[in-house]
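Data block below; observations after.
Residue numbers (full-length UniProt numbering): 1 to 366.
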């Protein structure tokens with residue numbers, strides 16, 4: 001055996017021993033995988049599923065207007081002697097709210113009355129003459145032509161009396177029109193005249209509004225027209241008011257507004273307590289459909305992948321789990337859940353980014 005061959009055999013044997021030692025050496029314990037850190041949620045990030053009422057609502061906005069309002073105007077000219085009410089005061093139908101000076105109108109009535117009395121005297125005289133001559137013509141003492149003249153004079157006197165009575169009625173009407181009355185129960189919205197001012201016929205003196213019933217005129221998309229009908233409930237919130245106002249759809253305009261692809265609807269709002277005002281801005285919605293006491297969750301909690309809807313639930317072990325759901329009626333901020341969840345289940349309310357199934361969850365303050 002040559003020296004070179006001997007060295008080769010020794011080297012191979014050494015390698016074999018080293019390999020055997022490596023295989024037979026006890027292995028160390030593998031390092032444990034790092035624990036998954038729990039997610040910390042605020043109470044507002046978690047929602048407990050419970051039955052509730054869900055409404056599909058069509059948004060409405062606009063300003064309220066008085067259903068009954070009128071501009072009270074002068075019917076005759078003259079000087080205002082009294083203006084008896086101011087803005088914000090309540091008035092009753094038939095209440096005197098202003099007066100014009102009547103001096104000129106009193107004189108006109110007196111003049112017309114005198115003319116009427118004079119015409120009546122002429123008419124009475126003409127009738128007496130005609131009555132006396134009726135017997136004379138029958139007995140042939142006067143001609144029929146002469147009697148016809150008496151008849152004509154009597155007819156003229158009667159016409160003059162009728163005209164005088166008409167003139168007296170006009171004068172009396174003008175005198176009566178110097179007193180201005182409230183046309184209905186309501187409140188003074190605008191006072192446009194002051195005592196001593198000269199006014200002409202049709203000059204506006206007041207704006208009177210009846211606030212017992214108000215109306216909202218609002219535009220809705222033409223595509224929603226098939227879903228609305230007279231009598232549907234409307235829920236509104238007025239500017240500066242915390243409580244909701246209930247109204248009802250009263251009228252629907254039959255024609256679309258040109259150039260807007262919308263139609264006008266009119267909502268009647270009862271206001272017997274008078275807390276609402278004409279011109280007050282309101283916002284709310286027309287209730288298209290409502291379902292009482294169904295399972296519903298915040299719409300933001302539902303995630304969508306294609307046609308699949310799911311939510312993240314917090315299971316009994318306090319870990320996240322993905323749960324498929326079926327949705328039903330939707331409102332502005334809620335969605336009905338028809339399958340996939342039960343009452344009492346806790347879900348992630350807000351969109352908190354990418355979440356992973358199995359991640360433990362800690363809710364602060366719980």
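Quick reminder that beta carbons are idealized off the backbone N, C-alpha and C, glycines included.
Please read all numbers here as calculations on a predicted model, not as lab measurements.
Between the options, which has its C-alpha nearest residue i's C-alpha?
{"i": "residue 107", "options": "271, 292 and 171", "result": "171"}
{"i": "residue 91", "options": "123, 80, 229 and 181", "result": "181"}
{"i": "residue 309", "options": "292, 328, 151 and 319", "result": "328"}
{"i": "residue 250", "options": "153, 158, 352 and 218", "result": "218"}
{"i": "residue 155", "options": "129, 144 and 228", "result": "129"}
{"i": "residue 311", "options": "345, 61, 325 and 237", "result": "325"}
{"i": "residue 360", "options": "316, 335, 254 and 330", "result": "316"}
{"i": "residue 205", "options": "76, 120 and 124", "result": "76"}
{"i": "residue 336", "options": "179, 55, 103 and 46", "result": "55"}
{"i": "residue 244", "options": "87, 253 and 234", "result": "234"}
{"i": "residue 365", "options": "80, 42 and 322", "result": "42"}
{"i": "residue 331", "options": "290, 304, 363 and 224", "result": "290"}
{"i": "residue 242", "options": "255, 248, 131 and 282", "result": "282"}
{"i": "residue 105", "options": "69, 95, 96 and 173", "result": "173"}
{"i": "residue 68", "options": "166, 303 and 215", "result": "215"}
{"i": "residue 267", "options": "247, 273 and 148", "result": "247"}
{"i": "residue 87", "options": "186, 149, 64 and 60", "result": "186"}
{"i": "residue 175", "options": "111, 287, 356 and 125", "result": "111"}
{"i": "residue 157", "options": "57, 116, 191 and 94", "result": "116"}
{"i": "residue 63", "options": "126, 238, 293 and 212", "result": "238"}
{"i": "residue 213", "options": "278, 52 and 270", "result": "270"}
{"i": "residue 373", "options": "147, 83 and 305", "result": "Nothing in the structure corresponds to residue 373, since the chain is present only between 1 and 366."}
{"i": "residue 277", "options": "188, 194 and 109", "result": "188"}
{"i": "residue 302", "options": "323, 285 and 358", "result": "323"}
{"i": "residue 78", "options": "340, 193 and 255", "result": "193"}
{"i": "residue 198", "options": "81, 357, 132 and 362", "result": "81"}
{"i": "residue 59", "options": "152, 224 and 339", "result": "224"}
{"i": "residue 229", "options": "51, 252 and 124", "result": "252"}
{"i": "residue 209", "options": "89, 39 and 96", "result": "89"}
{"i": "residue 255", "options": "220, 272 and 280", "result": "220"}
{"i": "residue 113", "options": "153, 97 and 169", "result": "169"}
{"i": "residue 46", "options": "166, 319 and 85", "result": "319"}
{"i": "residue 272", "options": "51, 211, 203 and 53", "result": "211"}
Could you tell me which residues DSSP pairs with residue i in its beta bridges?
{"i": "residue 87", "result": "Its beta-bridge partners do not exist; DSSP assigns none."}
{"i": "residue 357", "result": "DSSP lists no partner for residue 357."}
{"i": "residue 266", "result": "217 and 251"}
{"i": "residue 64", "result": "216"}
{"i": "residue 100", "result": "80"}
{"i": "residue 245", "result": "236"}
{"i": "residue 56", "result": "289"}
{"i": "residue 208", "result": "70 and 188"}
{"i": "residue 321", "result": "313"}
{"i": "residue 336", "result": "296"}
{"i": "residue 40", "result": "362"}
{"i": "residue 347", "result": "47 and 313"}
{"i": "residue 197", "result": "DSSP lists no partner for residue 197."}
{"i": "residue 305", "result": "308"}
{"i": "residue 256", "result": "263"}
{"i": "residue 274", "result": "The partner list for residue 274 (beta bridge, DSSP) is empty, contrary to what the question assumes."}
{"i": "residue 326", "result": "339"}
{"i": "residue 283", "result": "61 and 237"}
Is it buried or exposed, residue i, if we count other Cβ atoms within 10 angstroms and call 16 or more buried?
{"i": "residue 183", "result": "buried"}
{"i": "residue 349", "result": "buried"}
{"i": "residue 367", "result": "The requested residue 367 does not occur in the structure, where the chain is confined to residues 1 to 366."}
{"i": "residue 351", "result": "exposed"}
{"i": "residue 17", "result": "Residue placement at residue 17 is poorly supported in this model, since its pLDDT is 48, which falls under 50; the coordinates still yield a value, given next. Answer is exposed; the Cβ neighbour count stays below 16."}
{"i": "residue 345", "result": "buried"}
{"i": "residue 48", "result": "exposed"}
{"i": "residue 30", "result": "For residue 30, the predicted structure reports a pLDDT of 49, less than 50, and the residue's modelled location is therefore unreliable. A value from the coordinates is still provided. Residue 30 should be labelled exposed."}
{"i": "residue 66", "result": "buried"}
{"i": "residue 28", "result": "For residue 28, the predicted model reports a pLDDT of 49, less than 50, meaning its position is unreliable and no value from the coordinates is stated."}
{"i": "residue 293", "result": "exposed"}
{"i": "residue 222", "result": "exposed"}
{"i": "residue 284", "result": "buried"}
{"i": "residue 334", "result": "buried"}
{"i": "residue 207", "result": "buried"}
{"i": "residue 149", "result": "exposed"}
{"i": "residue 109", "result": "buried"}
{"i": "residue 57", "result": "buried"}
{"i": "residue 152", "result": "exposed"}
{"i": "residue 126", "result": "buried"}
Is residue i near the ligand ATP, in the sense that its beta carbon is under 7 angstroms from a heavy atom of that ligand?
{"i": "residue 301", "result": "This structure simply doesn't include the ligand ATP, nor any ligand for that matter."}
At a cut of 8 angstroms, does the stretch 252 to 263 reach the stretch 291 to 303 through at least three beta carbon pairs?
no
Every unbroken beta strand (DSSP E) inside the stretch 110 to 194 [3 residues or more]:
179 to 181 and 186 to 191
Across the stretch 114 to 122 and the stretch 133 to 149, are there enough close Cβ pairs to call them in contact, namely three or more that are closer than 8 angstroms?
no
At least three beta-carbon pairs within less than 8 angstroms, the stretch 73 to 87 to the stretch 147 to 165
no
Stretch-stretch touch, CB-based, cutoff 8 angstroms, three pairs: the stretch 95 to 102 with the stretch 141 to 155:
no
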